[in-house]
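In terms of the UniProt record's numbering, the sequence shown has 192 at position 192, counting the first letter as 1, and numbering is strictly consecutive.
Accompanying notes for the structure given below.
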Amino acid sequence: MEHAEEASLLRLGEWINRRYRHCIQKRAEEKKELAKAGKSTEMLREQWEAQVAAQTRPLPLQAVTLLRAAVKAREVQVRELRQKFIDSVSDEDDHSVLYETEWQAAQEALEKSFATLRRKEKALGVNEQQELQKLIKSEYMRVRVNAHALKLRLRQRLRARKFKMDVLECTYRRLLNDAKLHAPTESAVKCWEPTITKIASEYNKLCGDIVKLVRAGKVHAGVRAPLIIPPGRLWQLDMDNAIFEDVGSDDHDDDYNDWLPLWLCDEKVWAGIKALLELDQAEEEEAQLCREIMALQVWFSEEWKIPYSVLQRRVLCPSSLKPPAKSTAVICS
């Protein structure tokens with residue numbers, strides 16, 4: 001047991017020493033990368049927050065009429081709860097207060113849904129209700145909105161795949177040589193490809209439907225069909241890629257319709273964000289290792305008190321450490 005404890009303590013000290021030296025080296029490297037990017041820390045943190053907000057934002061639904069259906073369902077629920085509350089009051093039911101609370105909660109939810117519906121209707125750019133009804137019944141409007149939703153979803157998936165690929169490549173580059181880099185990275189992101197390919201196929205199909213509607217003259221004059229995404233360029237997020245062209249679709253829900261954010265289009269900003277995050281991780285690990293070192297020092301100090309007290313007793317009273325004789329007793333004052 002004592003040998004195992006000593007070996008465990010030795011390995012623990014070696015592990016802390018190894019991790020601390022690696023942490024210091026990593027922090028120095030990331031500081032160099034951060035300086036090479038040439039961007040301020042405040043700007044990089046702002047871009048990182050914008051990237052997190054953009055990549056964690058809920059994706060839009062394909063069917064615009066779902067919100068109208070939800071409002072109608074809530075209206076039915078409010079009417080039922082209101083009638084239930086009225087009946088309970090008439091019958092002098094003891095649960096009338098509970099029914100009233102449920103009715104008020106449903107009414108508040110209905111008002112929120114109705115406000116969201118009005119906000120979405122206003123975003124369409126249609127002022128009169130008659131024109132709005134025409135748009136809702138329009139086959140072109142339905143196909144275009146669905147294509148717009150698929151395009152935004154496809155952009156999000158392609159960006160997420162790109163960032164995931166970069167992180168995996170950086171991870172494996174530290175562990176493997178270049179000859180073994182391609183295979184594990186490709187297998188790690190392979191599960192993303194079927195979903196992205198399916199979304200792209202559905203989007204191209206909707207683009208084809210819009211082209212048919214334009215050729216059949218079922219849309220207004222001057223309407224242009226959106227561009228089909230070539231399958232060969234699906235994985236290339238170049239600036240001239242069709243995924244960023246908004247011909248034939250109004251991207252009201254895209255925060256960067258006319259311009260691309262720096263975290264997406266500027267390689268130096270992207271490299272600076274990665275270096276900044278790695279530097280934060282190194283500093284956090286260094287603080288954790290310092291706490292581990294302090295805890296180990298406190299523990300070792302407590303353990304050292306025992307042999308130190310024994311040594312002190314031996315110096316002050318050597319006879320106290322010898323076994324007493326059978327007929328005599330040793331007294332040390």
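Glycine included, each C-beta is placed from N, C-alpha and C at the ideal position.
Quantities reported herein were computed from a predicted structural model and do not represent experimental measurements.
*Mind checking whether the beta-carbon of I229 lies closer than 6 Å to any heavy atom of the ligand GDP?*
This structure lacks the ligand GDP; in fact it carries no ligand of any kind.
*Would you report the Cα separation of T195 and E75, rounded to the nearest angstrom?*
Cα to Cα, the separation comes out at about 36 Å.
*Which residue's Cα is closest to the Cα of R155: K26, A54, A275?*
A54
*Please confirm whether A200 and V211 have their CB atoms less than 7 Å apart.*
Result no, Cβ atoms of A200 and V211 do not sit closer than 7 Å.
*Counting along the chain, where does the alpha helix (DSSP H) carrying A200 start and finish?*
193–215
_alpha helix (DSSP H) segment containing L262, residue limits_ = 262–265
*Near A70, which residues of its chain fall below 8 Å by C-beta distance, leaving aside the five closest residues on each side in sequence?*
S113
*asked:* Less than 7 Å between the C-beta atoms of L262 and V269, yes or no?
replied: yes
*With a 10 Å radius around its C-beta and 16 neighbouring C-beta atoms as the bar for buried, classify W15 as buried or exposed.*
exposed
_Among N17, R11, S309, the one whose alpha carbon lies nearest that of C290_ = Comparing Cα positions, the closest option is N17.
*asked:* Once the 5 residues before and after I293 are set aside, which same chain residues still bring their CB inside 7 Å of it?
replied: Closer than 7 Å at Cβ, skipping near neighbours: I16.
*Would you say L110 and V78 are within 7 Å of each other, going by their C-beta atoms?*
yes
_According to DSSP, simplified to helix, strand and coil, what is L158?_
helix
*asked:* Taking 8 Å as the limit between beta carbons, can you name the residues of its chain near R19, skipping five residues before and five after?
replied: E285, L289
*Does the Cβ of G208 have 16 or more other Cβ atoms within 10 Å, making it buried, or fewer, making it exposed?*
exposed
*asked:* I need the straight-line Cα distance from F85 to A115, nearest angstrom please.
replied: 25 Å
*asked:* So, with DSSP's three-state summary, where would you put D253?
replied: No answer about D253 holds up, because its pLDDT of 45 lies below 50 and its placement is not dependable.
*Cβ neighbour criterion (16 or more within 10 Å) applied to L279*: buried
*What's the call for H148, buried or exposed, on a 16-neighbour Cβ count within 10 Å?*
buried
*Backbone secondary structure at N177 - three-state DSSP*: A caution first: N177 carries a pLDDT of 48, below 50, which makes its placement in the model unreliable, though a value can still be read off. Of the three classes helix, strand and coil, the one that applies to N177 here is coil, per DSSP.
*Among A73, G13, P231, E46, which has the Cα closest to the Cα of A106?*
That would be A73, whose Cα lies nearest to the Cα of A106.
*Figure out for me which residue from S90, A28, K205 has the closest Cα to the Cα of A282.*
When only C-alpha atoms are compared, the closest one is A28.
_Suppose contacts are defined by Cβ-Cβ distances below 7 Å. Is W103 in contact with R118 by that definition?_
no
*Return the residue from the list M43, A271, R21, G217 that minimises the CA-CA distance to L34.*
A271
_Local conformation of G38 per DSSP, three classes_ = DSSP places G38 in coil when its eight states are reduced to three.
*asked:* Suppose you measure from the CA of R157 to the CA of K151; what does that come to, to the nearest Å?
replied: 10 Å
*asked:* Can you tell me whether D87 is helix, strand or coil according to DSSP?
replied: helix
*Between the C-alpha atoms of V145 and D87, what's the straight-line distance to the nearest angstrom?*
So the two alpha carbons sit approximately 44 Å from each other.
*Looking at the structure shown, is H148 part of a helix, part of a strand, or coil, going by DSSP?*
helix
*Cα-Cα, which of G38, R313, A216, L227 is closest to Y203?*
Cα-wise, what sits closest to Y203 is L227.
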